[in-house]
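If you read the sequences in order, they're chains A and B.
Counting in this note's numbering, the first sequence runs from 1 upward without gaps.
Counting in this note's numbering, the second sequence runs from 208 upward without gaps.
Note that CB positions come from ideal geometry on N, CA and C, so glycine has one too.
Predicted model only: the values in this text are computed from it and were never measured.
Have a look at the structure below before the remarks.
Protein chains: 2
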Amino acid sequence: MARIGAELAKPPGRDAGTFDERLERIYRTAIDVFSEYGYVAGTTSTIAAKVGLTQPALYHYADSKHAFLVLICQRIGDRMLEGMRRSTEDQALSPADRLRLFVRRHLEVIADEPAAFGIYVTESRHLERRALKTVREQEREYVGAFTSLVEEAQADGSASATIEPWLYARLALGSMNWTYRWYHGQVPLDDLIENVLRFLGVPTDAD
Amino acid sequence: MARIGAELAKPPGRDAGTFDERLERIYRTAIDVFSEYGYVAGTTSTIAAKVGLTQPALYHYADSKHAFLVLICQRIGDRMLEGMRRSTEDQALSPADRLRLFVRRHLEVIADEPAAFGIYVTESRHLERRALKTVREQEREYVGAFTSLVEEAQADGSASATIEPWLYARLALGSMNWTYRWYHGQVPLDDLIENVLRFLGVPTDAD
């Protein structure tokens, strides 16, 4: 990836792999530091120390502490939106199939990056105005698309119609989102997904 | 309540009502400040300024910033535990009735103090060792009691037995806990509770 917060900042002539690898390691370390101390108290000097760089050297890789937070939220937001689009927009699939796919993608992103998801959830409020606006708009789009899907699934009988779609969507997202706090492989991810589908009353393939 | 962080610090001879009222106002302001800035970045000088006190005057009411966090987490933890005990320990009630009561109490605490609950959830990790230990132990007790209740309800057919109790408990708590982030009276609390019970597949009184 390019230098964090800059359009094009990879120093010419350098070995790209090494730069990208270092950048990825710094990015992962920023997640660790923000997870442990929170965004406000987590400092670039702590990040730098943990990856064995001086603070000025760290700024060779990222513009600012804020740039790390932007990237973390952007990556999670983009992965979520991509999964949502793939699962909700394929009209060749039945609503139940799309629901199953949506739940799978959602849980996969969280299980893959629980710490980054936790930062997205609890620290995105510290984003500067423009970045915050993007995150909130993406969230609205995401919840809106899921709500429409629930509505479709209720209409064709593959989701319980006793709860209004917007409320069902929020309760379902809550049960899934909370996994970032407690799920660390106690059961295989596929089993977790099957259990969540049962919990949500979505008919499984076997039904 | 007594001065925050101290056993007994109400200045003798003062009007108790006034002291308690001021203390409650300061406590509420600390919740606002920690909600807005996070615990680490939220300062006692910001709290003092918002209630119109000097910082030294604030220390007349509380030992330290940490004392506010302890109190916030303690109050939420105590209310949760009290609700849990009242709902799970009455063996005269059926498991379904106890489940209903548990869900009601849990949602009532969150709806009553969403900001304090949010701090409990996201900022309790900043508690010092002893206080953190207490919070974590209370959480384990709480989740454990709920899991046992789910087990009983599954055994007598009033909760779906297709999901293991520990997993059902965590998913159910997730759907409820997440309400602190989105529920602000869109529907009356009683309606929310009824919807959550339906969502969780707990038979309602009407069934």
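Reference residue i; option with closest CA among the options
| i | options | result |
| --- | --- | --- |
| residue 169/A | 126/A, 103/A, 123/A | 103/A |
| residue 330/B | 248/B, 211/B, 230/B, 236/B | 248/B |
| residue 314/B | 343/B, 303/B, 399/B | 399/B |
| residue 294/B | 231/B, 263/B, 349/B, 379/B | 349/B |
| residue 296/B | 352/B, 363/B, 259/B | 352/B |
| residue 339/B | 359/B, 258/B, 284/B | 284/B |
| residue 282/B | 255/B, 301/B, 324/B | 324/B |
| residue 158/A | 68/A, 98/A, 66/A | 98/A |
| residue 68/A | 52/A, 24/A, 49/A | 24/A |
| residue 94/A | 152/A, 186/A, 19/A | 152/A |
| residue 229/B | 363/B, 332/B, 394/B, 259/B | 259/B |
| residue 187/A | 227/B, 371/B, 242/B | 371/B |
| residue 35/A | 332/B, 244/B, 243/B, 367/B | 332/B |
| residue 37/A | 18/A, 115/A, 185/A, 59/A | 115/A |
| residue 392/B | 66/A, 167/A, 184/A | 167/A |
Unbroken alpha helix (DSSP H) run spanning residue i, endpoints
| i | result |
| --- | --- |
| residue 391/B | Taken as a continuous stretch (DSSP letters only), residue 391/B belongs to no alpha helix (DSSP H), as it is neither H nor E. |
| residue 400/B | 396–406 |
| residue 97/A | 95–112 |
| residue 165/A | 165–177 |
Buried versus exposed call for residue i [16 or more other C-beta atoms within 10 Å across all chains shown]
| i | result |
| --- | --- |
| residue 130/A | exposed |
| residue 271/B | exposed |
| residue 83/A | buried |
| residue 174/A | buried |
| residue 307/B | buried |
| residue 312/B | buried |
| residue 320/B | buried |
| residue 401/B | buried |
| residue 57/A | exposed |
| residue 286/B | buried |
| residue 347/B | exposed |
| residue 16/A | A caution first: residue 16/A carries a pLDDT of 48, below 50, which makes its placement in the model too unreliable to give a value. |
| residue 251/B | buried |
| residue 29/A | buried |
| residue 147/A | buried |
| residue 215/B | No answer about residue 215/B holds up, because its pLDDT of 42 lies below 50 and its placement is not dependable. |
| residue 219/B | For residue 219/B, the pLDDT reaches just 45, beneath the cut-off of 50, and the residue's location in the model is therefore unreliable, leaving the point undetermined. |
CB contact flag (residue i, residue j, <8 Å)
| i | j | result |
| --- | --- | --- |
| residue 127/A | residue 121/A | no |
| residue 345/B | residue 288/B | yes |
| residue 268/B | residue 233/B | yes |
| residue 387/B | residue 317/B | yes |
| residue 92/A | residue 202/A | no |
| residue 405/B | residue 204/A | no |
| residue 240/B | residue 253/B | yes |
| residue 383/B | residue 403/B | yes |
| residue 396/B | residue 379/B | no |
| residue 211/B | residue 278/B | yes |
| residue 178/A | residue 385/B | yes |
Short CB-CB distance (under 8 Å) between residue i and chain C
| i | result |
| --- | --- |
| residue 131/A | Judged by its chain identifiers, the structure shown contains no chain C, and its protein chains are A and B. |
Contained alpha helix (DSSP H) runs [length at least 4] in the region 331–358 of chain B, N- to C-terminal order
none
What are the complete beta strand (DSSP E) segments, minimum 3 residues, inside the region 226–291 of chain B?
none
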